[in-house]
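In what follows, a structure is listed as C-alpha cells, so that the remarks can point back to it.
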Amino acid sequence: MPRHIKSPRKNQAHRVIPYLRALAYRAKTHDGFRRYAANTTWMFAEQMLRMVAALLVGIWVARYLGPSQFGLFSYALAFASLFGSIAKLGLDSIVVRDLVTHPEQRDVYLGTAFWLKLIGAVVMLGVIGMTMQFTNSDATTNLYIFIIASGSVFQSFEVVDFYFQSKVLSRFVSICKLTQLVISSLIKLYLIYIHAELFWFVLVSLMDQATLAVTLYLAYRYQGIGGFFGRFNGIIAKKLLCDSWPLILSGLVIMIYMRIDQIMIKEMLGEKEVGIYTAAVRLSEVWYFVPMLLIRSVAPSLINAKKIGNALYYSRLRKLYSLMIWSAISIAVPIMFLGKWIVVCLYGYDFRDAGNILVLHIWASIFVFLGVASGNWYMNENLQKYSTINTVVGAIVNILLNLILIPLYDIYGAAIATVISYSIAAYFMNLAYSATRKNFYHLSTALFHFRQ
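Just so we're aligned: 253 in our numbering is position 218 of the sequence shown, and the numbers increase by one with no gaps anywhere.
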C-alpha cells in the first residue's frame, strides 16, 4: 500500500478514539447524560437480578414440577396473559408521554389512568370467564387461569411506575420490583422444600402482583407529593382511550401471537409438550428485558429530541435501532451453539428436547428488539394504527403457520412459525405503507449504522 494512503483500519481507529474521549467527557459533565445513565443502570441491575432469579428459581420450579405439571402451569399463564391488554388498556407509553409533556397535570393523569386500568381489569376477568366456557379445560385448569388473571386488578398501581418513568427515576421502581422478586423467590423455594402442590405455585402468581402494587404505592407516598385516587377526569379519560385504543388491540394481538402457540400445542399435542416448549421459550424470552429497558430509559429523551427537530430525533432513533439489532445478534449467536447444553444443564434430561427449540426460537429476538424500538417511533409519529395492522397480520400468520407446521414438525413447527411471524410483523410490514417505508429504511440500515 502506498505511504500516502492510510490504512482503513487506522482511519477507523483515529475516528473511534476521539469519539470515545468525547463520550467519556460528556458522561462526566452532562447532567442529562448522567441522569439517563443512572436510570438505565438501576433498571439493568434489577432486570439482571430478575433474570438470575428466573434461571435459579424459575428453572428449579420447572424441574420440580416436571414437563407435564409445568406445561399445565404454563398453559394457565398463557391463557390469562392473552387478555392482559384489556386490563392495561395500552396506557403505558401514552401516560408517560403525557406526563412528560404536561407535568403540571400529574395527579389528574395518574388518577384517571388508575381508574381506567381498574375498570379494564374487571372487564378482562369477565371476558376470561366467558371465554373459558368454550374451552375443553377441566374445572381445576379454569380455576388456575382465573386465579392468575385476578392479579390484573393490582396492575392499576402501575401508574406509579409511569410517573417515575416520566421523571427518569426508575430506581424507585427497581427497588419495588426487587422487593417483590425476593419475597416471591423465597416463597417458591419454600414450596419446593415442603413438596407443595401446583395450586400453591399458581397462588404465588397472584401474590406477586399484590406485593408489587403495595411497594409501588409506598414508594409514591414516600415522595410526599399527595394522592391521585380522587382525580378522575372524564375528558382526559376519553383522550387517553382515543390515543390508546390501537395499542389495546395491538397488545391483545401481540399476546395472541406470543402465547397462542402454547395454547395450540396443548390442544394438538398435550401438556408435556407445552412444558418442553415453554422451557425453551422462557430461556429465549428472558432477554426481552433488554429492549424494554432501553426504551423505558430513552423514551423521554426521544420525545424531547422530537420537540427540538427531526434531525436530532432521527439521529437518536437510528442509533437506537443499531444498538437493538447488535444486542440481539450478540445474544443469538452464542445460544445457537450452546443452546442444547444450556437446556440440559439447567432443566435436566427430561427437558432435553427443549434445546433444539431454543436454538430456533432465539432468532426471533432480533425482530422483537427491533419491534419494541419501532413501537416508540409509531407512537411519536401518531401512526399506531399501522402498528396495530402489523401485529394483526403477524398473529394471523402465526396461527396459520402453527396449524400447518405443528402437525408436520411437532413443537419445532411452533418455533419456526414464531420466527417467521415476528419478522413479518416487526420488519417486512413496514414496506406495506408509504407512511412507514421510512422506518423500514432505518431498520434495514441499522445493521451497518455503526460505520457511519
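Just so it is clear, CB atoms sit at the ideal spot from N, CA and C, and this is done for glycine as well.
Computed from a predicted structure; not experimentally measured.
| Asked | Found |
| --- | --- |
| With 16 other CB atoms within 10 Å as the buried threshold, where does H396 fall? | buried |
| Near L381, what residues of its chain come up, given a Cβ to Cβ distance below 7 Å and the 5 sequence neighbours on each side ignored? | L90 and I94 |
| Which runs of the alpha helix (DSSP H) spanning at least 4 residues fall entirely within the segment 233-303, listed in chain order? | 233-257 and 269-303 |
| Measuring CA to CA, which of R387, S357, R353 and V394 is closest to P369? | V394 |
| From I183, W150, D133 and T136, pick the residue whose C-alpha is nearest to that of R266; which is it? | W150 |
| Whole angstroms are fine: how far does the CA of Y348 sit from the CA of L466? | 21 Å |
| Would the beta-carbon of N339 fall within 8 Å of that of W412? | no |
| Specify the secondary structure class of H230 as computed by DSSP and reduced to three states. | coil |
| To the nearest angstrom, how far is the alpha carbon of K274 from that of E320? | 33 Å |
| For the alpha helix (DSSP H) containing D133, list its first residue and its last residue. | D127 to T136 |
| How long is the line joining the alpha carbons of L100 and L238, rounded to whole angstroms? | 15 Å |
| So what's T471 in DSSP terms, helix, strand or just coil? | coil |
| Classify I397 as helix, strand or coil using the three-state DSSP reduction. | coil |
| Would M359 pass as a contact of S128 if the rule is Cβ separation under 8 Å? | no |
| Where V194 and Y468 are concerned, what is the direct C-alpha to C-alpha distance, given to the nearest angstrom? | 34 Å |
| Nearest to S279 by alpha carbon, out of S458, A80 and R132? | R132 |
| On the DSSP letters alone, give me the boundaries of the alpha helix (DSSP H) that E320 sits inside. | E306 to E320 |
| If we ignore side chains and look at the alpha-carbon of each, how far apart do R263 and S185 end up? | The sequence given here has Phe at residue 263, not Arg. Distance between the alpha carbons of F263 and S185 is about 23 Å. |
| For the alpha helix (DSSP H) containing N437, list its first residue and its last residue. | Q419 to Y444 |
| Could you give the distance in angstroms between the alpha-carbon of L160 and the alpha-carbon of K152? | 12 Å |
| Should D196 go down as buried or exposed, given a rule of 16 or more other Cβ atoms within 10 Å for buried? | buried |
| When DSSP labels each residue in this structure, what does D388 get in the three-state scheme? | coil |
| Closer than 8 Å by C-beta to G383: which residues in its own chain qualify, once you throw out the five before and the five after it? Chain order, please. | R98 |
| Out of Q419, F372 and F386, state which residue places its alpha-carbon closest to the alpha-carbon of I283. | Q419 |
| Check whether the Cβ atoms of A245 and Q190 lie closer than 8 Å to each other. | no |
| Just mark R256 as buried or exposed, buried being the case when its beta carbon has 16 or more other beta carbons within 10 Å. | exposed |
| Apart from the five residues just before and just after G429, which ones in its own chain have a Cβ nearer than 6 Å to its Cβ? | Y292, S456, I459 and A460 |
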